[in-house]
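Remarks on the structure that follows.
There are 2 protein chains.
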Amino acid sequence: MPAPRRQAAAAAAPASPRTPGFATADRLHSAAIHLLRSLRVEDRASGLSAPRLSALSVIVFGGPIAMSALAAAEQVRPPTISRLVAELERLGLVERDPDPADRRGVKVRATAKGRQLLEEGRRRRVGRLGAALEALPPRERKLLARAAVLIEALVRPA
Amino acid sequence: MPAPRRQAAAAAAPASPRTPGFATADRLHSAAIHLLRSLRVEDRASGLSAPRLSALSVIVFGGPIAMSALAAAEQVRPPTISRLVAELERLGLVERDPDPADRRGVKVRATAKGRQLLEEGRRRRVGRLGAALEALPPRERKLLARAAVLIEALVRPA
DNA sequence: ATATTTAGTTAGCCTAGCTAACTAATTCTA
DNA sequence: TAGAATTAGTTAGCTAGGCTAACTAAATAT
């Protein structure tokens, strides 16, 4: 286990095990775990580890981004990002430019190769699940799409 | 990145990016990632890392279980499980008994302390999400509950 | 009776987390 | 405005968790 990071005592009043919210939360949590576990297989085909894929994704979609912002997005410490970006750079997937506005700073951006690799990976990963969803009645597929939106809303402002 | 594990060429025909299944899959994938990321905070309070919590969970719910079965459930190699279980044992959360039916084998089971720690963690983790769900209109909460069931069904037979 | 397979462990390597300690640049303040 | 404090990023060194290779011991197959 990595050394625990101090949290700003986050404990909101937890729902008691009796409430309908708790039961749903439990099911949702479990479903999310199993969903992601089943997709991990596809990610391996990219040749990149999960942390690298995740960081690359933030860099691709988050435009040129500062190291500190990237660390925050990935919820890791700056040294972790430093090393990770160094590896992505060595692989030709991203580049580091000095920030002209602040000469301490650095902006990371994806190369064409990086974008391409990510896009392929996303296609593979989501492709398998997408095929399964195609087989579903449209009603159920719509239900899942709405659920995804609800979940994002629940989680986003956290 | 850990050395890639050979996969039995799993590539099912991926859905093309145009289909409705693909768009939904993308949203669902993203929602699952963000959901789990937001809950990670609570897991840290348990003092156990994610791999240890996950293995402990399998041991608690999967009854006395062989090392090899545990490795399969966690999708890791036997040496990884050997070491992980050794640590859980050192912490007093699980115990290893020789398998009387096959003297090469070992059965791992949770101690009372292990069960208790897991239950507390689950309460904390799901509590925060549960509270958020309580605030939702019952209709939307039901939608999420049904979505969870659908997802499990999609993923389970994979 | 011996050879092969299977269950688990040990040894040794790599990646990804962390903290601590550092440099360089910026910003604040007396 | 000189000096102090803060901020951005890196380097060094540690631990945990992944892997393969190589091993022991037991079970099974020839």
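Protein chains in written order, with my numbering: chain E, 93 to 250; chain X, 93 to 250. Just so it is clear, CB atoms sit at the ideal spot from N, CA and C, and this is done for glycine as well.
Proximity of chain X to glutamate 244 of chain E at the Cβ level (cut-off 9 Å) is accounted for by Arg119, Ser122, Ala123, His126 and Leu127, in chain order.
Contact check for methionine 159 of chain E against proline 170 of chain E passes: the beta carbons are separated by less than 8 Å.
Between histidine 126 of chain X and glutamate 244 of chain E the beta-carbon gap is near 6 Å, inside 8 Å, which marks them as a contact.
Taking C-beta separations shorter than 8 Å and ignoring five residues to either side along the sequence, the partners of arginine 188 of chain X in its chain run Val177, Glu181, Val198, Lys199 and Val200, following chain order. Counting other Cβ atoms within 10 Å of its Cβ, glycine 139 of chain X stays below 16 and is therefore classed as exposed.
In this structure, the beta-carbon distance from alanine 142 of chain E to leucine 162 of chain E does not fall below 8 Å.
Any Cβ of chain E closer than 8 Å to the Cβ of glutamate 181 of chain X would place that residue at the interface, and such an atom is absent. Secondary structure in the stretch 151-187 of chain E: the alpha helix (DSSP H) runs of 4 residues or longer, each lying completely within the stretch, are 159-166 and 170-182 in chain order.
For arginine 238 of chain E, the three-state secondary structure derived from DSSP is helix. With respect to chain X, the C-beta atom of threonine 116 of chain E has a partner C-beta closer than 8 Å. The Cβ neighbour count for arginine 217 of chain X, taken over all protein chains shown within 10 Å, is at least 16; the residue is labelled buried.
Ranked by Cα distance from valine 241 of chain E, the first of X/Val241, X/Arg144 and X/Leu236 is X/Leu236. Residue X/Ala227 holds the alpha-carbon nearest to the alpha-carbon of threonine 111 of chain E among X/Ala227, X/Arg238 and X/Leu131. The beta carbon of proline 156 of chain X lies closer than 8 Å to those of Asp189, Lys199, Val200 and Arg201 in the same chain, with the five residues before and after it left out.
In the same chain as leucine 221 of chain X, and ignoring 5 residues on each side of it, the C-beta atoms closer than 7 Å to its own belong to Leu131, in chain order. In this structure alanine 193 of chain X is exposed. Its beta-carbon is surrounded by fewer than 16 other beta-carbon atoms within 10 angstroms. Alanine 165 of chain E sits close to glycine 154 of chain E, with the two beta carbons spaced by under 8 Å. Inter-residue distance for alanine 204 of chain E and leucine 185 of chain E is about 8 Å (C-alpha atoms, whole angstroms). For aspartate 191 of chain E, the secondary structure class from DSSP, reduced to helix, strand or coil, is coil.
The beta carbon of glycine 154 of chain E does not come within 8 Å of any beta carbon belonging to chain X, so the residue lies off that interface.
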